[in-house]
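**Student:**
2 protein chains.
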Amino acid sequence: MDRRQRKTREAIFGAFTRLLGKRAYHQITVQDIIDEADIGRATFYAHFETKDYLLKELCDELFGHIIDTAMEIAHGQHHHSCGKATDSVFLHLLRHLQENDLNILYLLSSENNEIFLQYFKTSLKKLIHSQFAVQGKLKSSELPEDYLVNHISSSFVETVSWWIRRGMKESPEELAHYFESVMTTVIK
Amino acid sequence: MDRRQRKTREAIFGAFTRLLGKRAYHQITVQDIIDEADIGRATFYAHFETKDYLLKELCDELFGHIIDTAMEIAHGQHHHSCGKATDSVFLHLLRHLQENDLNILYLLSSENNEIFLQYFKTSLKKLIHSQFAVQGKLKSSELPEDYLVNHISSSFVETVSWWIRRGMKESPEELAHYFESVMTTVIK
DNA sequence: TATGTTAGTGAACACTTTGTACGGTAATAT
DNA sequence: ATATTACCGTACAAAGTGTTCACTAACATA
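Residue numbers (the working numbering), protein chains in the order written: chain G, 1 to 188; chain W, 1001 to 1188.
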């Protein structure tokens, strides 16, 4: 990839993330991004078709790593030193969110960001499906699996959202405990 | 209130609701509403400052009744014939949603409607706080009450949202059972 | 029924945002 | 060294926003 392309792409992502930290997604215009990134109008549209696609690609970049490593942990293929083998997938996700990806927290904390939340939930559903549903770790056999997977993933997103809204006072360990406490009916 | 005012107000609400049934909130412009309601531009702004305020007032109207009667039931002051006294507040809400307020379902089913969802959650939090938290019906004393109330209300909204997305195949009774099943850890 | 008040009309307004197009310039790859 | 490609600046039409204004019609009330 051309160095110029990489640079403007980074400039756009950077400007976008900075703006997301300031105000909600829907309050940000393409014009704002152009001004903040200090690029030409045509250049933006050469990279991204719309603002929504920009967010989608940013999500791809930010989530790609997190979900991939979470998948590895979920399947027991994670033999590194970052966390005990007994740590739950959720604790891993929380640590990852706190330590490495403050960008994501900006996105999450900005209100009205349903595209991002939808992306988060969809990623989690895949993870939870393979981790719990497929492996038979769900308790309730009488409820639809789809309902349970949806419940778990949206509850986790909501937990993270609550955490951020309140200033992230709790440690990842505490928060994982909260979440797993309210999930004991659902997960074995 | 002037008959003319009432009529245009109704025309605007009607047009807005109809449009919400067709496409998402953010895809609807003030221009669309004006055209659909067949009123003058200035008239719209005489009634509502912005599109967001219009949604807020619509929510006020739609939710006012539902939450009020749910509050009555929650406090055992509901002696009518509409449902057994033993029915849970959640079952009451689901019945209400299914039977009387298809407008709300339009709103909920249209994607990207976080203003509405936020309104729904906030209303529920108040209800759940007075119904469960104040009355000591929450199981877990070690977790923050605020976290639990948030968890219950957002899980309920998510359950309803799931229900609608999948075409409302389940009866209110079934859905209430689903919800209460995954909530047994949390609610006594 | 006559009268003052109020709400709606339609047109116009300045303004912002959007998405596209263009020739010119500078960085890049080979 | 040269051809390619990305970016720039500017301009453009189209659409939406929020406000103003004079005119008209509906309203409440006496």
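By construction, the Cβ of each residue, glycine as well, lies at the ideal position given by its N, Cα and C atoms.
Computed from a predicted model, the values in this text were never measured in an experiment.
Any idea which residues DSSP pairs Ile73/G with across the strands?
**Tutor:** Paired residue(s): none; Ile73/G is not in a bridge.
**Student:** Put Ile187/G into one of helix, strand or coil per three-state DSSP.
**Tutor:** Three-state DSSP puts Ile187/G in a strand.
**Student:** Between which two residues does the alpha helix (DSSP H) containing Tyr1147/W stretch?
**Tutor:** Note, Tyr1147/W: alpha helix (DSSP H), 1145-1165.
**Student:** What's the C-alpha gap between Ala37/G and Ser123/G?
**Tutor:** Those two C-alpha atoms are separated by around 29 Å.
**Student:** Identify the contact partners of Tyr189/G in chain W, using a Cβ-Cβ distance below 7 Å as the criterion.
**Tutor:** Nothing about residue 189/G can be reported from this structure: the residues present for chain G run from 1 to 188 only.
**Student:** May I ask you to list the residues that DSSP assigns as paired with Asp138/G?
**Tutor:** Sequence check: residue 138/G is Leu here, not Asp. Paired residues: Ile187/G.
**Student:** Taking the C-alpha atoms as reference points, what is the distance between Gln1131/W and Ala1074/W?
**Tutor:** If you take the alpha carbons of Gln1131/W and Ala1074/W, they lie about 6 Å apart.
**Student:** For Ser1141/W, count the other beta carbons within 10 Å of its own beta carbon; 16 or more makes it buried, fewer makes it exposed. Which is it?
**Tutor:** Result: exposed.
**Student:** Is Gly1064/W helix, strand or coil when you go by DSSP?
**Tutor:** Here Gly1064/W sits in helix by DSSP.
**Student:** Based on Cα-Cα distance, which residue from Gln5/G, Ile12/G, Asp60/G lies nearest to Gln118/G?
**Tutor:** Nearest option by C-alpha distance: Asp60/G.
**Student:** Using a Cβ-Cβ cut-off of 8 Å, state whether Asn103/G counts as contacting chain W.
**Tutor:** Closer than 8 Å: no.
**Student:** Taking Cβ positions, are Pro1172/W and Leu1091/W nearer each other than 8 Å?
**Tutor:** Yes; because the gap between Cβ atoms is below 8 Å, this pair is in contact.
**Student:** Identify the contact partners of Thr1029/W in chain G, using a Cβ-Cβ distance below 7 Å as the criterion.
**Tutor:** Here the premise fails: no neighbours, minimum Cβ distance about 13 Å.
**Student:** With a threshold of 16 other CB atoms inside 10 Å of the CB of Asn113/G, please say whether the residue is buried or exposed.
**Tutor:** With 16 or more other Cβ atoms within 10 Å, it is buried.
**Student:** Between His1154/W and chain G, is there a C-beta pair that is closer than 8 Å?
**Tutor:** Here residue 1154/W turns out to be Ser, not His, going by the sequence shown. Closer than 8 Å: yes.
**Student:** Compare the C-beta of Val1026/W against all C-beta atoms of chain G and say whether one is closer than 8 Å.
**Tutor:** According to the sequence shown, residue 1026/W is His rather than Val. Cβ-Cβ to chain G under 8 Å: yes for His1026/W.
**Student:** Which word fits Ser102/G, buried or exposed, when buried means at least 16 other C-beta atoms lie within 10 angstroms of its C-beta?
**Tutor:** Note on identity: in this sequence residue 102/G is Leu, with Ser being the wrong assignment. It counts as exposed.
**Student:** Spatial neighbours of Leu107/G within its chain, please: CB distance less than 7 Å, with the 5 preceding and 5 following residues excluded, ordered by chain position.
**Tutor:** Leu20, Asn113, Phe116.
**Student:** Please report the distance separating the alpha-carbon of Ile1067/W from that of Leu1058/W.
**Tutor:** Cα to Cα, Ile1067/W sits roughly 14 Å from Leu1058/W.
**Student:** Would Thr1043/W count as contacting chain G if we go by Cβ distances under 8 Å?
**Tutor:** No, its Cβ sits nowhere closer than 8 Å to a Cβ of chain G.
**Student:** Would Thr1185/W pass as an interface residue toward chain G - the criterion being a Cβ-Cβ separation below 8 Å?
**Tutor:** Cβ-Cβ to chain G under 8 Å: yes for Thr1185/W.
**Student:** For Leu97/G, which residues from the same chain have a beta carbon less than 7 Å from its beta carbon, with the 5 sequence-adjacent residues on both sides left out?
**Tutor:** The residues are Ile104, Leu105, Val160.
**Student:** For the segment 1041-1075 of chain W, list every residue whose C-beta sits within 9 Å of some C-beta in chain G, in sequence order.
**Tutor:** Answer in chain order: no residues at all.
**Student:** In chain order, what residues of the same chain lie with their CB nearer than 7 Å to the CB of Lys51/G, ignoring the 5 residues before and after it?
**Tutor:** For Lys51/G, where only same-chain residues beyond five positions count, the Cβ hits under 7 Å are Val30.
**Student:** Out of Trp1163/W, Leu1143/W, His1129/W, Ile1033/W, state which residue places its alpha-carbon closest to the alpha-carbon of Phe1013/W.
**Tutor:** Closest option to Phe1013/W, Cα to Cα, is Ile1033/W.
**Student:** When burial is assigned at 16 or more other CB atoms within 10 Å of the CB, is Tyr45/G buried or exposed?
**Tutor:** By the neighbour-count rule (16 or more Cβ atoms within 10 Å), Tyr45/G is not buried but exposed.
**Student:** Grab me the residues of Val1089/W's own chain with a C-beta within less than 8 Å of its C-beta, minus the 5 sequence neighbours each way, in chain order.
**Tutor:** If we look at Val1089/W and ignore the five residues flanking it on each side, its Cβ neighbours are Ala1070, Ile1073, Ala1074, Leu1127, Gln1131.
**Student:** Would you grab the beta carbon distance between Glu158/G and Ser1154/W for me? Rounded to a whole angstrom, and I think it's under 8 Å.
**Tutor:** That pair is a contact at about 4 Å.
**Student:** Give the secondary structure of Arg1023/W by DSSP, where H, G and I count as helix, E and B as strand, and everything else as coil.
**Tutor:** Looking at Arg1023/W - three-state DSSP - the assignment turns out to be coil, as it is neither helix nor strand.
**Student:** Is His1151/W buried or exposed, if buried means 16 or more other CB atoms sit within 10 Å of its CB?
**Tutor:** Buried.
**Student:** Going along chain G in order, which residues have a C-beta closer than 7 Å to the C-beta of Leu1143/W?
**Tutor:** Result: Tyr178, Ser181.
**Student:** Given Val1186/W, which residues of its chain have a CB within under 8 Å of its CB, disregarding the five upstream and five downstream residues?
**Tutor:** Counting only Cβ-Cβ distances below 8 Å, and skipping sequence neighbours, we find Leu1138, Lys1139, Ser1140, Leu1148, His1151, Ile1152.
**Student:** Just checking my contact of Arg47/G with Arg9/G at CB under 8 Å: how many whole Å lie between their CB atoms?
**Tutor:** One detail in the question is off: residue 47/G reads as His in this sequence, not Arg. Contact flag correct, Cβ pair sits at about 6 Å.
**Student:** Would you say Thr1069/W touches the ligand GDP, meaning its beta carbon is less than 7 Å from a heavy atom?
**Tutor:** As far as ligands go, the structure on display features none, and thus does not contain the ligand GDP.
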